[in-house]
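Going by my numbering, 415 is the number at position 415 of the sequence shown; the sequence numbering is gapless. The beta-carbon is built from N, C-alpha and C at its ideal position, and this holds for glycine as well.
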Amino acid sequence: MVLGIRLDNMNKKSIRFRLTIWYSLAFFVSTAIVFAVFFYITKQTLLNQTDRSIIAHAETLTKIVGDEQPSMAQGVFNQGIISQQFMEMPGMLVLITDKSGKITGSSQVGADENTILKDLIEKSSNIIKPTFVERRIGTTTLRIGVFPMMQNGESNGLIFMGDPVDAIYDSFKSLILTLTAVYLLIAIPAIIGSYLLAKSALQPILKISSDLQSITSQDLNHHVAVPNTEDEVSELAVTFNELLQRLHESFKRERQFIGDVAHELKTPVATLKGEIELALSKKRTNEEYKNAFGETLIDVNRLSTTIRNILDLAWIGADKAISTNQQTDLTAVLVELKDIAVKLAAQKHITVKSHIAEGIQVIGSEDKLSRSILNILDNAVKYTPTNETISIFLRTKNSEAVVEVIDSGNGILEKDLPHIFDRFYRGSKTAKTLGSGLGLAIAQGIIESHGGTISIASKVGHGTHVTISLPLKDKS
Numbered sequence: 001m002v003l004g005i006r007l008d009n010m011n012k013k014s015i016r017f018r019l020t021i022w023y024s025l026a027f028f029v030s031t032a033i034v035f036a037v038f039f040y041i042t043k044q045t046l047l048n049q050t051d052r053s054i055i056a057h058a059e060t061l062t063k064i065v066g067d068e069q070p071s072m073a074q075g076v077f078n079q080g081i082i083s084q085q086f087m088e089m090p091g092m093l094v095l096i097t098d099k100s101g102k103i104t105g106s107s108q109v110g111a112d113e114n115t116i117l118k119d120l121i122e123k124s125s126n127i128i129k130p131t132f133v134e135r136r137i138g139t140t141t142l143r144i145g146v147f148p149m150m151q152n153g154e155s156n157g158l159i160f161m162g163d164p165v166d167a168i169y170d171s172f173k174s175l176i177l178t179l180t181a182v183y184l185l186i187a188i189p190a191i192i193g194s195y196l197l198a199k200s201a202l203q204p205i206l207k208i209s210s211d212l213q214s215i216t217s218q219d220l221n222h223h224v225a226v227p228n229t230e231d232e233v234s235e236l237a238v239t240f241n242e243l244l245q246r247l248h249e250s251f252k253r254e255r256q257f258i259g260d261v262a263h264e265l266k267t268p269v270a271t272l273k274g275e276i277e278l279a280l281s282k283k284r285t286n287e288e289y290k291n292a293f294g295e296t297l298i299d300v301n302r303l304s305t306t307i308r309n310i311l312d313l314a315w316i317g318a319d320k321a322i323s324t325n326q327q328t329d330l331t332a333v334l335v336e337l338k339d340i341a342v343k344l345a346a347q348k349h350i351t352v353k354s355h356i357a358e359g360i361q362v363i364g365s366e367d368k369l370s371r372s373i374l375n376i377l378d379n380a381v382k383y384t385p386t387n388e389t390i391s392i393f394l395r396t397k398n399s400e401a402v403v404e405v406i407d408s409g410n411g412i413l414e415k416d417l418p419h420i421f422d423r424f425y426r427g428s429k430t431a432k433t434l435g436s437g438l439g440l441a442i443a444q445g446i447i448e449s450h451g452g453t454i455s456i457a458s459k460v461g462h463g464t465h466v467t468i469s470l471p472l473k474d475k476s
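Listed below in structure tokens is the structure:
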């Protein structure tokens with residue numbers, strides 16, 4: 001009753017229910033096969049024993065008949081010799097025919113059995129080796145062996161030796177009933193065992209599910225317990241823990257990003273508010289209003305740049321696929337950016353050198369790629385002292401386009417290098433330089449979204465070397 005309730009309450013779509021069904025079916029099918037094989041072997045063993053007994057009796061009869069002609073066989077029966085050998089065996093049938101099929105001797109002379117066996121005699125006329133058949137005579141089933149009496153290589157007649165097998169078949173019926181009863185008796189324990197086995201197999205998964213349900217977005221640093229089984233379930237638990245760790249780090253980065261964005265927006269917004277309030281605090285001349293609006297415009301431009309950077313980061317974070325149909329002439333992009341860099345560097349009297357290879361095509365967004373490389377050039381101009389040099393190179397290497405920006409600036413401190421691509425990160429030597437700390441993070445995100453790589457090598461006092469690699473457009 002308890003099992004019935006459990007199975008009724010079990011979701012028929014659940015893995016536990018399906019495992020219980022499969023385990024039960026596997027057990028029942030395998031048990032049925034074992035029982036069938038056992039029954040077959042038992043049946044064949046008993047029938048083979050009967051056949052061996054019939055063969056032994058047939059050999060004895062052959063010795064008794066000896067060289068007598070089959071036509072003289074009934075005389076041998078009448079002498080009582082056969083009766084002494086076989087009549088003590090109830091239901092035993094002995095029949096001898098000549099080569100024409102005529103019955104010449106029988107342990108049951110004149111009996112109706114001879115008529116019943118007539119068809120068997122006719123079908124056995126061409127037999128040259130011992131054969132076994134079964135015939136029902138009256139209420140008795142006989143297993144009959146047919147043995148040719150060979151003389152000079154030819155059959156001189158046949159001996160039919162029959163032994164009742166009703167007792168054997170009754171044993172078969174009893175065995176079938178016994179096996180069926182045993183089969184039914186073990187059905188319920190088998191189902192219970194299958195249920196418990198399925199429950200045991202799924203217990204680690206249920207534990208993982210329970211642990212996962214208790215984890216919220218506030219405690220993603222909690223992990224599920226890893227079972228000490230070293231199997232697929234433990235691998236699943238480890239995979240979940242790795243996923244939770246990645247989610248935890250992602251949520252942490254997003255919270256940090258939101259905090260940094262709020263901080264970056266807070267300063268220009270507060271400055272704008274202060275400047276506007278100051279301008280409106282009293283009546284001013286047109287020139288004073290013009291100066292106030294000029295200061296406000298500077299802050300608005302800074303705020304606009306920050307918002308654009310944030311939008312770029314959002315685009316990068318969305319993992320948007322780059323259209324393979326969008327082609328960019330990287331040579332033209334670098335030529336244009338080189339001209340922009342010359343204008344940016346003019347105020348500091350920085351020399352911009354370049355060596356840009358012709359006809360280099362890549363797949364991707366021209367606007368995004370231009371933005372990322374411009375961020376690198378802008379940094380190079382910012383951190384390169386007056387009267388120094390910036391070099392720009394574009395070349396191909398294997399199946400990639402390689403962009404290099406080399407400056408002779410102050411370089412980057414070794415402790416800052418691992419964090420140089422972090423969002424809003426400002427190195428200790430750049431804290432006083434105008435910027436949001438998003439340029440390199442945006443550049444890296446754009447380059448990687450195009451299937452490329454970006455790396456920075458720098459040493460204090462020896463400048464910085466930025467290398468960008470992008471897949472070339474397939475010429476085929």
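Sorted by chain position, which residues of the same chain lie with C-beta nearer than 6 Å to residue i's C-beta, five sequence neighbours on each side aside?
i, result
"Glu404", "Phe393, Thr467"
"Asn454", "According to the sequence displayed, residue 454 carries Ile and not Asn. Gln444, Ile447, Ile468, listed in sequence order."
"Asn221", "His248"
"Gly452", "Ser469, Leu470"
"Val133", "Ile144"
"Ala431", "Annotation note: pLDDT 46 at Ala431 (below 50); position unreliable, coordinate value reported separately. Within the same chain, Ala431 has no close Cβ partners at all."
"Ile54", "Gly145, Met161, Asp163"
When the distance is taken between beta carbons, is residue j closer than 8 Å to residue i?
i, j, result
"Val300", "Leu337", "no"
"Val224", "Asp211", "yes"
"Ile159", "Ala58", "yes"
"Ile186", "Phe39", "no"
"Thr141", "Asp166", "yes"
"Tyr195", "Thr20", "yes"
"Phe27", "Ala181", "no"
"Leu344", "Asp312", "no"
"Glu366", "Thr328", "yes"
"Gly101", "Ser125", "yes"
"Gly461", "Gly411", "yes"
"Ile276", "Phe240", "no"
"Pro471", "Glu400", "yes"
"Pro204", "Thr229", "yes"
"Ile390", "Val335", "no"
"Leu120", "Arg135", "yes"
"Lys473", "Val342", "no"
"Thr45", "Asp163", "no"
"Lys118", "Ser155", "no"
"Met150", "Val94", "no"
"Leu374", "Ile340", "yes"
"Thr305", "Leu265", "no"
"Thr331", "Ile360", "yes"
"Ala279", "Ala270", "no"
Does the beta-carbon of residue i have 16 or more other beta-carbons within 10 angstroms, so that it is buried, or is it exposed?
i, result
"Arg253", "exposed"
"Lys368", "buried"
"Lys63", "exposed"
"Arg143", "buried"
"Ser449", "buried"
"Asn309", "buried"
"Asp231", "exposed"
"Pro418", "exposed"
"Ile128", "exposed"
"Val146", "buried"
"Ser200", "exposed"
"Asp219", "exposed"
"Gly439", "buried"
"Leu243", "exposed"
"Val333", "buried"
"Ile103", "buried"
Short of 8 Å in beta carbon distance, which residues of its chain neighbour residue i, apart from the five on each side in sequence? Order them along the chain.
i, result
"Gly409", "Ala380, Tyr383, Thr384, Pro385, Glu388, Gly463, Thr464"
"Ala237", "Pro204, Ile208, Val224, Ala225, Val226, Pro227"
For residue i, write down the residues that DSSP places opposite it in a beta bridge.
i, result
"Glu400", "Lys397, Pro471"
"Ile96", "Gly105, Ile159"
"Ser458", "Thr464"
"Leu334", "According to DSSP, Leu334 bridges with nothing at all."
"Ile373", "Answer is none; Ile373 lacks a bridge partner."
"His355", "Phe393"
"Pro164", "Leu142"
"Ile406", "Ser391, His465"
Tell me which same chain residues have a C-beta within less than 7 Å of the C-beta of residue i, skipping the five on either side of it?
i, result
"Ser24", "Ala190, Ile191, Ser194"
"Ala172", "A small correction: the amino acid at residue 172 is Phe; Ala does not occupy that position in the sequence shown. Excluding residues within five positions, the ones whose Cβ falls inside 7 Å are Lys43."
"Val261", "Ile310"
"Ala198", "Arg16, Leu19, Thr20, Tyr23"
Original post:
At which residue ranges does the stretch 202 to 281 contain complete beta strand (DSSP E) runs of 3 or more residues, listed in the order of the chain?
Top reply: none
Subject >> Every unbroken beta strand (DSSP E) within the stretch 113 to 152, with a cutoff of 3 residues, ordered by chain >> reply: 131 to 137, 140 to 151
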